[in-house]
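When you read off a place in the sequence shown, starting at 1, and then add 530, the result is the number in the working numbering.
Here the structure is laid out as structure tokens; the discussion comes afterwards.
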Amino acid sequence: ASTIIAQSIGVPINHVELLEKSHNVKGFDFENKFGTIHSFLPFASLMKFSFYRGGPKIHKSLFEDLKLQLIVLDTYNGAAEIHAMDTFVCNFDRHPGNILYDPAQDQLHAIDMGESFAGQSLSKTMQNLVKESLYKSYSKRMLKALQKYKNTLKKLLFLWKPNQVHDFFINIVSRTSENWTDEELSNDFCEELNEHLKLMKQSYKDTEKLVELIDEFITIQRNRQLEAKKPFDALTYALPVNHSLQLYRC
Numbered sequence: 531a532s533t534i535i536a537q538s539i540g541v542p543i544n545h546v547e548l549l550e551k552s553h554n555v556k557g558f559d560f561e562n563k564f565g566t567i568h569s570f571l572p573f574a575s576l577m578k579f580s581f582y583r584g585g586p587k588i589h590k591s592l593f594e595d596l597k598l599q600l601i602v603l604d605t606y607n608g609a610a611e612i613h614a615m616d617t618f619v620c621n622f623d624r625h626p627g628n629i630l631y632d633p634a635q636d637q638l639h640a641i642d643m644g645e646s647f648a649g650q651s652l653s654k655t656m657q658n659l660v661k662e663s664l665y666k667s668y669s670k671r672m673l674k675a676l677q678k679y680k681n682t683l684k685k686l687l688f689l690w691k692p693n694q695v696h697d698f699f700i701n702i703v704s705r706t707s708e709n710w711t712d713e714e715l716s717n718d719f720c721e722e723l724n725e726h727l728k729l730m731k732q733s734y735k736d737t738e739k740l741v742e743l744i745d746e747f748i749t750i751q752r753n754r755q756l757e758a759k760k761p762f763d764a765l766t767y768a769l770p771v772n773h774s775l776q777l778y779r780c
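If you want it as structure tokens, here you go:
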């Protein structure tokens with residue numbers, strides 16, 4: 531589901547096909563369960579690419595360090611879109627092993643969305659990162675990368691409202707449920723599905739707040755940059771005269 535959500539807005543992500551347990555794939559054992567198979571993958575890993583380009587290596591989650599995050603988003607084509615998609619679908623499992631590089635297009639591709647809509651709202655995590663960094667200084671290039679990230683979030687908010695994602699999830703389940711066992715359609719499964727849907731709704735609300743916070747963050751940063759550009763002016767003193775303030779310039 532998250533792969534299709536990403537593809538719907540052009541996020542560079544691998545193509546995935548859903549395989550029912552009746553399919554036989556040589557060399558793979560799905561243990562009588564449903565699975566997915568990658569039908570398209572680019573070639574080299576991000577770790578090799580970053581070393582080749584002299585770019586930043588991703589040694590920890592981008593959701594832990596805003597400055598590292600913005601450097602990565604600015605350096606690599608496709609990184610802002612992938613990171614926005616991960617934020618929206620709560621995919622915390624993004625690491626160098628599941629980001630690949632297509633040298634022909636100079637483009638990053640994401641793979642492995644298996645941890646989506648699980649865990650916690652990453653939009654809330656991003657809110658905290660932005661708040662902590664609100665009055666630190668960031669370059670114009672970093673702000674441009676953040677703007678691109680925000681614009682991708684806005685696309686996702688527009689196209690995938692909670693009721694649409696809910697219907698999409700249910701449609702996927704209904705299309706395949708006739709081949710499922712009673713055990714697979716047990717209360718445990720329904721409870722897990724409901725948890726995914728609950729997190730999705732929370733993520734949508736948190737992402738709306740995150741977009742507003744990023745706008746505020748970018749405004750503060752740009753105003754600070756404009757202030758830094760102003761030429762040094764003469765000192766201004768405020769002195770009390772007749773219980774009022776009079777300004778004197780020297």
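Think of the CB as a built atom: it goes at the ideal place given N, C-alpha and C, for glycine as much as any other residue.
In this text the structure is predicted, and so the values were computed from the model without any measurement.
- Judged by DSSP in its simplified three-state form, ILE750 adopts helix.
- In the DSSP assignment, TYR631 falls within the unbroken beta strand (DSSP E) covering 629-632.
- The C-alpha of GLY540 is placed about 12 Å away from the C-alpha of GLN637.
- Here LEU740 is buried, its C-beta having at least 16 other C-beta atoms within 10 Å.
- Three or more pairs of CB atoms, one per stretch, sit closer than 8 Å, so the stretch 607-625 contacts the stretch 640-648.
- Of the candidates PHE747, LYS759, GLU738, GLU738 places its Cα closest to the Cα of ALA614.
- Beta-bridge pairing by DSSP links LEU638 to TYR631.
- ALA640 is a Cβ neighbour of ILE612, given a cutoff of 7 Å.
- Around the beta carbon of LEU652, 16 or more other beta carbons sit within 10 angstroms, so the residue counts as buried.
- Per DSSP, LYS666 lies in no alpha helix (DSSP H) and is assigned neither H nor E.
- In the assembly as shown, LEU596 is a buried residue. Its beta-carbon has 16 or more other beta-carbons within 10 Å.
- In this chain, the alpha helix (DSSP H) harbouring HIS613 covers 609-618.
- When DSSP states are grouped into helix, strand and coil, ILE539 belongs to the coil group.
- GLY608 is the residue among GLU725, ASP736, ASP745, GLY608 whose C-alpha sits nearest the C-alpha of ILE543.
- Per DSSP, LYS691 lies in no alpha helix (DSSP H) and is assigned neither H nor E.
- Taken atom to atom, the span from the alpha-carbon of ILE748 to that of ASP736 is near 18 Å.
- Non-local beta-carbon contacts of LYS684 in its own chain, meaning distances under 7 Å to residues more than five positions away in sequence, involve VAL741 in chain order.
- ILE750 and TYR665 have their alpha carbons spaced roughly 8 Å apart.
- For GLN599, the enclosing alpha helix (DSSP H) has its first and last residue at 596-605.
- Within the same chain, and ignoring the five residues on either side of GLN755 in sequence, the residues whose Cβ sits closer than 8 Å to its Cβ are LYS670.
- Taking VAL660 as the centre and dropping the five residues before and after it, the same chain places the C-beta of LEU743, PHE747 closer than 6 Å to its C-beta, in chain order.
- The three-state reading of DSSP puts ALA648 in coil, since its state is none of H, G, I, E or B.
- Residues TYR668, MET672, ALA675, LEU676 of the same chain have their beta carbon placed closer than 7 Å to that of LEU600, with the five preceding and five following residues left out of the count.
- Distance check between ALA536 and each of ASP604, LEU603, ASP616, GLU594 places ASP616 closest, using alpha-carbon atoms only.
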